[in-house]
Amino acid sequence: MTLLDMKPGQRSRITGWSTPEPPSRLLEFGLLPGTEVEIVRYAPLGDPIDLKVRGYHLSIRKSEAGHVLVEKL
Amino acid sequence: MENPAADSRPGSAANRRVALIGNPNVGKTTVFNILTGMRQKVGNYPGVTVEKKVGRLAGKDAIDIIDLPGSYSLSPKSLDERIAYDVLMGHVEGEDAPDLAVCVVDASNLERNLYLVTQVIDVGLPVIVALNMTDAAEEAGLQIDVPGLQEALGVPVIPMVASQNEGLGKLKYQMRKEELPPRATRQWSIMPVVDVVLPELMEALEGKVEKKGRFIEALQCLTNDTMLESWENRAPVFHAHVLETREMLEEQKAPFRQAEIMGRYGWLSPLVARVTTRKIDPSQRTLSDKIDAVLTHRIAGPLLFGLLLLLIFEAVFSWAEPAMDLIELGVVNLGSGVRTVFPEGLVTDLVVDGMITGVGNVAVFLPQILLLFFFLGLMEDTGYMARSAFIMDRLMSRVGLSGGSVVPLLSSFACAIPGIMAARTLANPRDRLITILVAPLMSCSARLPVYTLFIAAFLPTGTILGLFSFQGVAMFSMYLLGTVMAFVAAFVLRRIVFKGESSFFAMELPPYRMPRFRQIFWRMIDRSKAFVVRAGKIIFGMSIILWILARFPVSDADPGLAAQRADADQRAESSRVEMVASGMSEEDALSAVETEMADEYYTLDAAEAGYQIEHSFIGMLGHGLEPIMRPLGFDWKISAGIVSAFAAREVIISALATIYSVGDVDEDSPLLRDKLKADTYEDGSPVYTPLVAVSLLVFFVLALQCMSTLAIARRETNTWKWPAVMWLYMTGLAYLFSLVIYQGGMALGWG
Numbered sequence: 021m022t023l024l025d026m027k028p029g030q031r032s033r034i035t036g037w038s039t040p041e042p043p044s045r046l047l048e049f050g051l052l053p054g055t056e057v058e059i060v061r062y063a064p065l066g067d068p069i070d071l072k073v074r075g076y077h078l079s080i081r082k083s084e085a086g087h088v089l090v091e092k093l
Numbered sequence: 244m245e246n247p248a249a250d251s252r253p254g255s256a257a258n259r260r261v262a263l264i265g266n267p268n269v270g271k272t273t274v275f276n277i278l279t280g281m282r283q284k285v286g287n288y289p290g291v292t293v294e295k296k297v298g299r300l301a302g303k304d305a306i307d308i309i310d311l312p313g314s315y316s317l318s319p320k321s322l323d324e325r326i327a328y329d330v331l332m333g334h335v336e337g338e339d340a341p342d343l344a345v346c347v348v349d350a351s352n353l354e355r356n357l358y359l360v361t362q363v364i365d366v367g368l369p370v371i372v373a374l375n376m377t378d379a380a381e382e383a384g385l386q387i388d389v390p391g392l393q394e395a396l397g398v399p400v401i402p403m404v405a406s407q408n409e410g411l412g413k414l415k416y417q418m419r420k421e422e423l424p425p426r427a428t429r430q431w432s433i434m435p436v437v438d439v440v441l442p443e444l445m446e447a448l449e450g451k452v453e454k455k456g457r458f459i460e461a462l463q464c465l466t467n468d469t470m471l472e473s474w475e476n477r478a479p480v481f482h483a484h485v486l487e488t489r490e491m492l493e494e495q496k497a498p499f500r501q502a503e504i505m506g507r508y509g510w511l512s513p514l515v516a517r518v519t520t521r522k523i524d525p526s527q528r529t530l531s532d533k534i535d536a537v538l539t540h541r542i543a544g545p546l547l548f549g550l551l552l553l554l555i556f557e558a559v560f561s562w563a564e565p566a567m568d569l570i571e572l573g574v575v576n577l578g579s580g581v582r583t584v585f586p587e588g589l590v591t592d593l594v595v596d597g598m599i600t601g602v603g604n605v606a607v608f609l610p611q612i613l614l615l616f617f618f619l620g621l622m623e624d625t626g627y628m629a630r631s632a633f634i635m636d637r638l639m640s641r642v643g644l645s646g647g648s649v650v651p652l653l654s655s656f657a658c659a660i661p662g663i664m665a666a667r668t669l670a671n672p673r674d675r676l677i678t679i680l681v682a683p684l685m686s687c688s689a690r691l692p693v694y695t696l697f698i699a700a701f702l703p704t705g706t707i708l709g710l711f712s713f714q715g716v717a718m719f720s721m722y723l724l725g726t727v728m729a730f731v732a733a734f735v736l737r738r739i740v741f742k743g744e745s746s747f748f749a750m751e752l753p754p755y756r757m758p759r760f761r762q763i764f765w766r767m768i769d770r771s772k773a774f775v776v777r778a779g780k781i782i783f784g785m786s787i788i789l790w791i792l793a794r795f796p797v798s799d800a801d802p803g804l805a806a807q808r809a810d811a812d813q814r815a816e817s818s819r820v821e822m823v824a825s826g827m828s829e830e831d832a833l834s835a836v837e838t839e840m841a842d843e844y845y846t847l848d849a850a851e852a853g854y855q856i857e858h859s860f861i862g863m864l865g866h867g868l869e870p871i872m873r874p875l876g877f878d879w880k881i882s883a884g885i886v887s888a889f890a891a892r893e894v895i896i897s898a899l900a901t902i903y904s905v906g907d908v909d910e911d912s913p914l915l916r917d918k919l920k921a922d923t924y925e926d927g928s929p930v931y932t933p934l935v936a937v938s939l940l941v942f943f944v945l946a947l948q949c950m951s952t953l954a955i956a957r958r959e960t961n962t963w964k965w966p967a968v969m970w971l972y973m974t975g976l977a978y979l980f981s982l983v984i985y986q987g988g989m990a991l992g993w994g
């Protein structure tokens, strides 16, 4: 399951990345295995996504979110 | 500084240098402004576009504060972050490492902010943490155990609310204290496979990097390609060693590139959990979340953003106008004032037409810049800027830009100068550069008079489908053409010029805040100052050069015109003598003659000015360019007009008015319109046909006819390379389009 399978309001925990080299900026922003993420909403045109992670809001595009593997909480 | 005695600088904190660092949006600039007041200097780091801000702490101990660019991490992803890292490490040429680093941290977002703090600690400098926005943390129900945090990190932590000026006294005290806080030691641990290889790499840096900085330098080079590249020539042994180590780690399938991030967060997450207590359930919606539900709503969000843009557009377009008119009026009055005081002549002309006009050319942009930066400041300060990028990102990503480019590009409809300056709000340097390069294609307000004149003079009146006037549609088409070309250019630049550079989008959506007008005011002043000082110099210089080109070489008057003038002078004199003889006073006679002859002298002056410009350098340039411009349908007069329009696009109108000897008129003047329509080539065919007008209009839509834009692009990119690229590709586009239109039109028999 990736982050894109989650609905707004649903919470999940990151289990890993489906690419061997995830963008390190996203890791530095705290999107690491074990981190809880909530999809808050999609942008009006469907992309990007507003995520809540480690107590703050982070916006990333679907193309990256599709690589984030998660488990539902 | 290996010697601990050198660290304490016995006696005082005099000449201490303090670096201020922090994530974006943590109030770092507020802290900097409060600490340094007006004692700030803005410059550039050598060779790069990053702005260098240094200020001095009030008091006699001469403590300099360096405001580093907002950074999420010291593993550089952008030029800004690279500079921050280099300054802290003492890698900037001609500058020692600072004596102390103050990390500004957002208390309501502790975990991600402390990530940077752990990196700064590893650089090996004494560190003070300025725990800012404790009020926001409290509002969010977060309680932070400050002594606990201080102990865990091993560095002083000072809670503060910079926007209310709370807690800064303690920070100042700490910065001034004779004894610097002791350097903290690294407490987080890195995965063992990486831990065992680091000491060897650090050894290879001996003699290149001070001992205390070797750990972080080795770690950064191991995980970051751009960091490693910089050592390729300076330390080939180290460089090769790192590559070998990487290969070895890859064979072991060790995720070494993530080792640092996982290590730091692995230590930080439990630490933050230990020192913070949540009094409110984190899933509860905050006020900021509720505002977001409206402002980024599927329908209301874009609608409200559209309204805001309309307001900004209206402000920059129309509210600025009275002030701009006032400045122009002031410049004209100042000029004529100078003319009444000083004798007629070259020096007076230089002062009035060259220098005063030059100053006016700079000052006239200020109202628009101030207004636009007021709105941009408001958007940034409240946190709405990030939302506007969030809303627009999808559209802009199709041409390879991101949502942040919307505001700079739309501002460029008013004027590319503030638009290009607004591109500073873009975090991604490539997006920023592309935005700067395409911004001048948006039809700015200076093109409007050109459009007005040529559309009114040469395009047929009448309507399409009885609804839209021809001329209105033509006007709209000009705006549309510019906008479409801007997107095409962005797309091409992204796909071809900046191909292959990895692109991803990650943006923080900071909580909404009440705007702090003092901050906004500061930034408006800051930006205007930057414009006047940096771009202003170039604009002023070019204004004078253009004046020289139009004024020299001084030609002898045309014999025909000279004869006419002599004749007029004689008639004036004789009629004055006649009036005096018939009993009129000297004064009355003089003014009566002046009135009587006014029209004739006006025509004569205008004709002489026309003659002068034809024989000036600009006239020569026009003649010289004619062979190149003829295929577009332009004669030497239009070509000369285009050259003078380099001062500012609307100048083509006054230039044509001078060339056509109609004196000082504006774009609505029927006189100029009729003159243009009546002009013919030697064979009797008209110079201006509707086809020529369309060709010229398209040329003006696409060509970069504006020295001020080049000046500001030079200032913002810190090199002449990008302004040159900009001028070449836009002029090339303009030429190509006009050529196709004119030649195609001729072939179809529309000439």
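Those sequence lines, one after another, are chains C and B.
Take 21 as the starting number for the first sequence in the working numbering and just add one per residue.
Take 244 as the starting number for the second sequence in the working numbering and just add one per residue.
Note that beta-carbon positions come from the ideal geometry of N, C-alpha and C, so glycine has one too.
*Straight-line CA distance for B:Leu555 to B:Phe618?*
Correcting the residue identity first, residue 555 of chain B is Ile in this sequence and not Leu. C-alpha separation (whole angstroms): 7 angstroms.
* Asked: Helix or strand or just coil, what does DSSP make of B:Tyr755?
  -> B:Tyr755: coil per DSSP, three-state reduction.
Quick check: does the Cβ of B:Thr428 come within less than 7 angstroms of any heavy atom belonging to the ligand ZN? The ligand content of the structure shown is nil, which means the ligand ZN is not present either.
Select from B:Asp674, B:Leu359, B:Gly280 and B:Met757 the residue whose C-alpha is nearest the C-alpha of B:Trp765. Taking only the C-alpha atoms, the option nearest B:Trp765 is B:Gly280.
Spatial distance of B:Ala890 from B:Ala566 (CA atoms): Using only the alpha carbons, I get a separation of about 20 angstroms.
Taking Cβ-Cβ distances shorter than 7 angstroms, what residues in chain B pair up with C:Ile80? Here the neighbours are Phe748 and Ala749.
| query | Among residues of its own chain, excluding the 5 on either side of B:Val581, which ones have a beta-carbon nearer than 8 angstroms to its beta-carbon? | reply | Correct list, in chain order: Thr591, Val594, Val595 and Ile599.
Legend entry - Cβ-based burial, B:Pro253 [other Cβ within 10 Å; buried from 16]: Since pLDDT at B:Pro253 reaches only 44, below the 50 mark, its modelled position is unreliable, and no value is offered.
Item checked: chain C contacts made by the segment 296 to 329 of chain B, where a contact means CB separation under 8 angstroms -> So the list reads Tyr315, Ser316, Ser318 and Lys320, given in the order they occur along the chain.
Quick one: is C:Pro64 near chain B, going by C-beta distance under 8 angstroms? Judged by the 8 angstroms Cβ criterion, C:Pro64 is in contact with chain B.
| message | Looking at the secondary structure, which residues open and close the beta strand (DSSP E) in which B:Ala262 lies? | response | Its beta strand (DSSP E) spans residues Arg260 to Gly265.
message: If I follow the unbroken alpha helix (DSSP H) through B:Trp965, where does it start and stop?
response: Unbroken alpha helix (DSSP H) run through B:Trp965: Lys964 to Ala990.
**OP:** Quick one: give me the first and last residue of the beta strand (DSSP E) that B:Lys295 is part of.
**Re:** The continuous beta strand (DSSP E) containing B:Lys295 extends over residues Glu294 to Arg299.
Notebook entry, point to check: Quick one: is B:Leu897 buried, meaning 16 or more other Cβ sit within 10 Å of its Cβ, or exposed?
Noted result: According to the sequence shown, residue 897 of chain B is Ser rather than Leu. Within 10 angstroms of the beta-carbon of B:Ser897 lie 16 or more other beta-carbons, which makes it buried.
Q. In whole angstroms, what separates the C-alpha of B:Leu414 from that of B:Ile364?
A. About 18 angstroms.
Worksheet item: Going straight from the alpha carbon of B:Lys303 to that of B:Arg419, what length do you get?
Response: One C-alpha to the other measures close to 10 angstroms.
Practice prompt. To the nearest angstrom, report how far apart B:Val348 and B:Thr520 are at their CA atoms.
Written response: Counting only the Cα atoms, B:Thr520 lies some 18 angstroms from B:Val348.
Note to self: Restricting to runs no shorter than 4 residues, where is the alpha helix (DSSP H) found entirely within the segment 868 to 927 of chain B?
What the structure shows: The qualifying runs are 879 to 887, 894 to 902 and 913 to 921.
B:Asn476 classed as buried or exposed, judged by whether at least 16 other C-beta atoms fall within 10 angstroms = Looking at its Cβ environment, which holds fewer than 16 other Cβ atoms inside 10 Å, B:Asn476 is exposed.
Cβ neighbours of B:Ser251 in the same chain (closer than 8 angstroms, five flanking residues each side left out): Confidence at B:Ser251 is low in this model, with a pLDDT of 42, below 50, so its placement is unreliable and the value that follows should be read with caution. Counting only residues of its own chain and dropping the five nearest sequence neighbours on each side, B:Ser251 has a CB closer than 8 angstroms to the CB of Glu421, Glu422 and Leu423.
Exercise. Go ahead and label C:Ile80 buried or exposed: buried means 16 or more other beta carbons lie within 10 angstroms of its beta carbon, across all protein chains shown.
Key: Buried: at least 16 other Cβ atoms inside 10 Å.
inquiry  = Could you check whether the Cβ of C:His77 sits closer than 8 angstroms to any Cβ belonging to chain B?
reply    = C:His77 belongs to the set of residues whose beta carbon lies under 8 angstroms from a beta carbon in chain B.
ask   = Counting pairs of beta carbons, one from the segment 789 to 799 of chain B and one from the segment 959 to 972 of chain B, are three or more of them closer than 8 angstroms?
value = Short answer: they don't touch.
message: Considering Cα atoms alone, identify which of B:Pro683, B:Ser432 and B:Gly265 is closest to B:Arg355.
response: For the residues B:Pro683, B:Ser432 and B:Gly265, the minimum Cα distance to B:Arg355 belongs to B:Gly265.
Using a C-beta cutoff of 8 angstroms, does C:Arg45 count as contacting chain B? Chain B contact via Cβ: present.
Open item on the list: Rounded to whole angstroms, what is the Cα-Cα separation between B:Thr952 and C:Met26?
Closed with: For the pair B:Thr952 and C:Met26, the Cα-to-Cα distance works out to about 47 angstroms.
Which same chain residues, not among the five before or five after B:Leu934, have their C-beta less than 8 angstroms away from its C-beta?
Gly876, Ile984, Tyr985, Gly988, Met989, Trp993 and Gly994.
Checklist entry - Would you call B:Ala461 buried or exposed, if buried means 16 or more other Cβ atoms sit within 10 Å of its Cβ? => result With 16 or more Cβ atoms within 10 Å of its Cβ, B:Ala461 is classed as buried.
Throw me the rounded Cβ distance for the B:Thr488 and B:Leu471 pair, which I believe falls under 8 angstroms. Taking a contact as a CB-CB distance under 8 angstroms, the pair B:Thr488 and B:Leu471 does not count as one, their CB atoms being some 11 angstroms apart.
field: Interface partners of B:Glu354 on chain C, CB under 8 angstroms
entry: Within chain C, the residues Gly50, Arg74 and Gly75 have their CB atoms less than 8 angstroms from the CB of B:Glu354, given in chain order.
- Answer with buried or exposed for B:Gln611, where buried requires no fewer than 16 other C-beta atoms within 10 angstroms of its C-beta. When all chains shown are included, B:Gln611 counts as buried.
field: Cutoff 6 angstroms; reference B:Asp224; Cβ partners in own chain excluding five residues on either side
entry: Residue 224 of chain B falls outside the range modelled here, since chain B spans only 244 to 994, and no answer is possible.
Inter-residue spacing [alpha-carbon to alpha-carbon] between B:Leu441 and B:Val372: Each residue's alpha carbon lies about 28 angstroms from the other.
**Prompt:** By Cβ distance below 7 angstroms, which residues in the same chain neighbour B:Thr974 in space, the five residues on each side in sequence not counted?
**Reply:** Close CB contacts of B:Thr974 within its chain, under the 7 angstroms cut and outside five residues either way in sequence, are with Ala946 and Leu947 (chain order).
Contacting residues, own chain, Cβ-Cβ under 7 angstroms from B:Phe943 (five flanking each side not counted): The beta carbon of B:Phe943 lies closer than 7 angstroms to those of Arg690, Val693 and Arg892 in the same chain, with the five residues before and after it left out.
Give, in chain order, every residue of the segment 498 to 516 of chain B whose Cβ lies closer than 7 angstroms to some Cβ of chain C.
Flagged, chain order: Arg500, Gln501, Ile504, Met505 and Tyr508.
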